[in-house]
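Read left to right, the sequence shown gives residues 1 to 259 (the UniProt record's numbering). Note that the Cβ used here is the ideal one computed from N, Cα and C, for glycine as well. Below is one structure, written out as structure tokens, with a few remarks after it.
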Amino acid sequence: MRLSYWIGPPGGSANTARQPDHGYGAASTMKVAVLAALYRADLDLDAPLPVVNDFPSALGDGSRYANDRGYDDEDQVWTRLGASVPARWLARRMIVRSSNLATNLLLARVGLPAVAEVWRLAGATNSVTARGIEDYAARDAGLDNVVTAADLAALFGALHLGRLAGPEATAEMLDLLAAQEWRQDLAAGLPDGVRVAHKNGWMTGIRHSAGVVYPPDAPAYVIAVCTGAGEDAVPDDYDERACRAIARISAEQYSRRHQ
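Structure below.
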């Protein structure tokens with residue numbers, strides 16, 4: 001298992017890091033950049049947005065793609081196909097249950113350049129959101145979503161410090177991330193009740209988790225951990241092992257929160 005991490009104060013230098021600039025497939029961690037792009041846009045987040053499953057490919061050649069319901073970990077958005085829902089509701093489903101369909105709907109609304117601007121403002125140097133989820137034609141053409149531990153830490157640090165949006169929008173985004181329901185990795189290493197605004201992502205041979213931890217008795221800190229199987233064969237229990245590794249790093253950092 002390849003393991004990278006960045007841990008330190010929001011907006012500061014790392015207290016500890018390991019291969020923080022190694023690139024990985026982004027999986028669902030790219031949804032945080034989409035969230036920030038949405039809240040930065042001049043949009044009415046309570047206005048109705050049609051729920052469809054048909055999107056233009058990032059190839060820009062007129063081709064289109066759709067999501068696979070069986071590949072999505074959230075079902076509520078799919079029950080609204082053909083109806084309209086507020087973008088704010090889609091943002092919640094994108095974060096707390098990691099809805100792929102909600103992500104592509106919001107990405108189509110704000111556009112890839114707006115997401116690229118979020119990465120730039122955060123100070124990311126190696127991460128890119130080049131396409132929507134399951135845009136396989138774009139992926140096969142070399143357009144892929146990539147993250148590093150250092151860039152995920154920069155993104156969460158910038159979000160925590162209010163550098164990506166105004167105070168009200170920043171607070172709402174952090175509350176959404178704190179309501180994350182998939183808590184088997186980074187959050188699993190923290191004591192019950194400790195606030196953590198975080199997002200994880202996983203696919204075959206990939207598991208990442210990053211966020212801001214708010215200890216009740218110490219300053220907030222950012223932690224971003226990325227794992228990947230690389231060229232090795234992916235064992236059946238890879239995701240379980242990766243979750244344990246991330247939880248262990250999270251627990252070790254929390255134990256050092258006063259240092």
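query	result
Selected residue, minimal CA-CA separation from residue 174, among 60, 99, 158	158
Reference residue 104; option with closest CA among 121, 51, 144	51
Close beta carbons around residue 116, own chain, < 6 Å, minus the five adjacent residues each side	none
Beta-carbon contacts of residue 285 that lie in its chain and below 6 Å, excluding the five residues immediately before and after	The shown model of the chain, from 1 to 259, leaves out residue 285, and the question about it has no answer.
Closest residue to residue 71 among 140, 143, 204, 81 (Cα-Cα distance)	204
Three-pair Cβ contact test at 8 Å for the region 22-38 versus the region 221-234	yes
Residue 18 versus residue 201: straight-line alpha-carbon distance, rounded	19 Å
With 16 other Cβ atoms within 10 Å as the buried cut-off, status of residue 239	buried
Where the beta strand (DSSP E) containing residue 120 begins and where it ends	It is not in any beta strand (DSSP E) - residue 120 instead sits in the alpha helix (DSSP H) that spans 112-122.
Selection from 259, 92, 150 that minimises the alpha carbon distance to residue 34	92
Coil, strand or helix - residue 15 by DSSP	coil
Coil, strand or helix - residue 34 by DSSP	helix
Collapsed DSSP secondary structure at residue 179 in the structure displayed	coil
Residue from 84, 224, 79 with nearest C-alpha to residue 245	224
9 Å Cβ cutoff met for residue 199 and residue 4	no
C-beta atoms of residue 130 and residue 124 nearer than 9 Å	no
Contact between the region 38-45 and the region 191-198 (3+ Cβ pairs under 8 Å)	no
CB of residue 30 within 9 Å of CB of residue 147, strictly	yes
Delimiting residues of the beta strand (DSSP E) encompassing residue 160	Residue 160 -> not in any beta strand (DSSP E); alpha helix (DSSP H) instead, spanning 149-160.
Exposure label - residue 8; buried when at least 16 CB within 10 Å	buried
Alpha helix (DSSP H) runs wholly inside the region 62-108, at least 4 long, in chain order	87-96
Range covered by the beta strand (DSSP E) that runs through residue 206	206-214
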